[in-house]
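Visitor: Following this message is one structure expressed as C-alpha cells.
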Amino acid sequence: MVLEVALIDVVPGSEDAMAAAYGEARTVITAAEGCRSARMTRGVETPDRFVLLVEWDSVEAHEAFRASEAFGRWRALIGPHFAGPPRVEHFTDV
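FYI, UniProt numbering numbers position 43 of the sequence shown as 43, with every residue one higher than the one before it.
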C-alpha cells in the first residue's frame, strides 16, 4: 500500500466550492481500481490549502488512474479551483 499526499492550494474565495466539488469527485476516485480510500482535509490556519490523502494498492495503480478517462472527470470537477499545480508525493509506512 502507498499513500498519495497532494498539497492543493485553491483560489482564495473558492474554498467552499472546492469542498463541494470534492464531495462529487470522491466517488470518481474511490471507484478506481486499486484505490483503497480517499480523504480530503482543509487547513485551519490556511483555509485555502487542502490536503488530499489517497491510499492506493501501488504507485502503479495511481498512475493507471491518472492515465484513465476517470482522471479527466476527477480533474474537471476539482481542477478549476486550483491556484496552481498540486504537489503530489507517495509514502509508505515505516
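Just so you know, even glycine gets a beta-carbon here, dropped at the ideal spot from N, CA and C.
(1) What residue range is occupied by the uninterrupted beta strand (DSSP E) comprising PHE65?
(2) Can you give me the C-alpha to C-alpha distance between ILE29 and GLU63, rounded to a whole angstrom?
(3) Give me the Cβ distance between LEU53 and LEU3, rounded to the nearest whole Å; I'm assuming they're in contact under 8 Å.
(4) Which first and last residues belong to the alpha helix (DSSP H) in which ASP16 is found?
(5) Roughly how far, in whole angstroms, is the beta-carbon of VAL10 from the beta-carbon of PHE91, given that I think they are within contact range, below 8 Å?
Guide: On the basis of the data shown:
(1) Within the sequence shown, residue 65 is the residue found at index 65, counting from 1. Counting along the chain, PHE65 falls outside any beta strand (DSSP E), though it belongs to the alpha helix (DSSP H) covering 59-66.
(2) By one-based count along the sequence shown, residue 29 stands at place 29. By one-based count along the sequence shown, residue 63 stands at place 63. Approximately 12 Å between the Cα atoms of the pair.
(3) Residue numbering aside, residue 53 sits at position 53 when the sequence shown is read from its first letter. Residue numbering aside, residue 3 sits at position 3 when the sequence shown is read from its first letter. Right, the Cβ-Cβ distance comes to about 6 Å (below 8 Å), so this counts as a contact.
(4) Here the question's residue 16 lines up with position 16 in the sequence shown. First-last of the alpha helix (DSSP H) with ASP16: 15-30.
(5) Taking the first residue of the sequence shown as position 1, residue 10 is located at position 10. Taking the first residue of the sequence shown as position 1, residue 91 is located at position 91. Rounded to the nearest angstrom, the Cβ distance from VAL10 to PHE91 is 23 Å, too far for a contact under 8 Å.
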